[in-house]
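Residue 1 is where the sequence shown starts when you use my numbering, and the numbers rise one by one after that.
Working notes for the structure below.
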Amino acid sequence: MTARLTSAAIIISLLVTAVAFDLKWGATDSIGFMGITLVPLVLVITVLAAYELASMIASRNPSTPLLIVVLGSVVTVGCSCLPAIWKDYPADCTVGKLGWNSLGLALAACIAIVFEMLRFKEADRVIANLAYSIFAITYTGFLMSFLPALRFMESNEVGMTALMSMIVVVKASDAGAFFTGKMLGRRKLAPKMSPGKSVEGAIGAVLTGCGASVFFFAYIAPLIHQDLQPPTTVASVLFGLVIALTGMIGDLFESIIKRDFKAKDSSSWLPGLGGVLDIFDSILAAAPAAYVLWVSGLFN
């Protein structure tokens, strides 16, 4: 528990620092640009997450190209970061900000296909290699690319509020699930997928996520974006509910991946927490849901 709390404290401190600098340098009167600290951070996280997943896959399918998976994931996330090049992204751009994510994934898939063609000697596991590679790129690259998509939404302040709303709520939900499950957990939620998760923990996750959402939009969001129209309590609770549920789905899905490849954690880089994927599993699933909620006009 001590190692877990220490690692979590270090990560939170680094994230808060990166967010503070990114918000400051992303202002219109700044010499920097949106994403100046968070874009390098998310690219490093993508590399680590892609490597972890590719390594697990390689334990079963040794011909899985680790470098191609990492490269494809970085290309996908990198393309989603292209709007950062423009100081004022053109509103009439036919690609649209989210379109870069899809183009990046398509390019990454082409890279994987060309690589298999270049190393082809005989028809043996070509489709399996491609299936594993494109799955890993989609999971660690395409889903991760929604983090830049949230960051580059509308303006510097709106984008940061959108990104932080998702991270704060999903991580509060994770914490709620962990502590509620430890104290009150009795009934197994999904014993075959993740024996440690309980129904009580899931309820705690939802309640904590909804409460964190209401708190964030009432007290934290105004500090980031002073002109943001406060959402209704119903809208805040709805956001917390959706993010908490999708976060749990992401957590359970990564549990399936680890059980499938007989791995306890995605890696052992972070004492008490496991690997990068163990931290970002819920975020990967919640990020697209958060993007949809923000572009739907829920907070207008």
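The beta-carbon is built from N, C-alpha and C at its ideal position, and this holds for glycine as well.
All figures in this text were calculated on a predicted structure; none of them were measured in a lab.
Suppose the cutoff is 6 Å on Cβ atoms and the five residues either side in sequence are ignored; what does the same chain contact list for residue i look like?
i: Trp100; result: Cys79, Ser80 and Leu82
i: Trp41; result: The displayed chain sequence assigns Leu, not Trp, to residue 41. Counting only Cβ-Cβ distances below 6 Å, and skipping sequence neighbours, we find Ala18.
i: Ala162; result: Leu150, Met153 and Trp294
i: Ser267; result: Glu52 and Gly275
i: Pro288; result: Phe146
Answer yes or no: do residue i and residue j have a C-beta to C-beta separation smaller than 7 Å?
i: Val158; j: Ile243; result: no
i: Ala50; j: Thr140; result: yes
i: Phe142; j: Thr76; result: yes
i: Thr37; j: Val74; result: no
i: Gly240; j: Ala205; result: no
i: Gly247; j: Ala286; result: yes
i: Ala106; j: Leu130; result: no
i: Leu189; j: Lys182; result: no
i: Asp174; j: Ser13; result: no
i: Gly35; j: Ala84; result: yes
i: Leu228; j: Ala221; result: yes
i: Leu284; j: Gly250; result: yes
What does the Cβ neighbour count give for residue i, buried or exposed, with the cut at 16 atoms within 10 Å?
i: Pro148; result: buried
i: Val44; result: exposed
i: Glu122; result: exposed
i: Val39; result: buried
i: Leu48; result: buried
i: Leu67; result: exposed
i: Leu270; result: buried
Quick one: what's got a C-beta closer than 8 Å to residue i's C-beta in the same chain, skipping five residues either side?
i: Asp260; result: none
i: Leu23; result: Asn156, Glu157, Met160 and Ile224
i: Phe120; result: Val126
i: Met56; result: Ile257, Lys258, Phe261, Ala263 and Ser266
i: Ile237; result: A small fix is needed here, since residue 237 is Val in this sequence, not Ile. Here the set comprises Cys210, Ser213 and Val214.
If you drop the 5 nearest sequence neighbours on each side, which residues of the same chain put their C-beta closer than 7 Å to that of residue i?
i: Ser255; result: Met193 and Ser194
i: Leu71; result: Ile111
How far does the alpha helix (DSSP H) with residue i in it extend, from its first residue to its last?
i: Ser198; result: Run containing Ser198: none in the alpha helix (DSSP H); it sits in the beta strand (DSSP E), Ser194 to Ser198.
i: Ala84; result: Here Ala84 belongs to no alpha helix (DSSP H), and DSSP marks it neither H nor E.
i: Glu116; result: Gly99 to Leu118
i: Trp294; result: Val276 to Val295
i: Met56; result: Leu38 to Ala58
i: Ala149; result: Phe146 to Arg151
i: Asn129; result: Val126 to Ile137
i: Thr76; result: Leu66 to Ser80
**Asked** Of all the beta strand (DSSP E) runs that stay within the bounds of the segment 168-248, which reach a length of 3 or more residues?
**Response** Correct list: 188-190 and 194-198.
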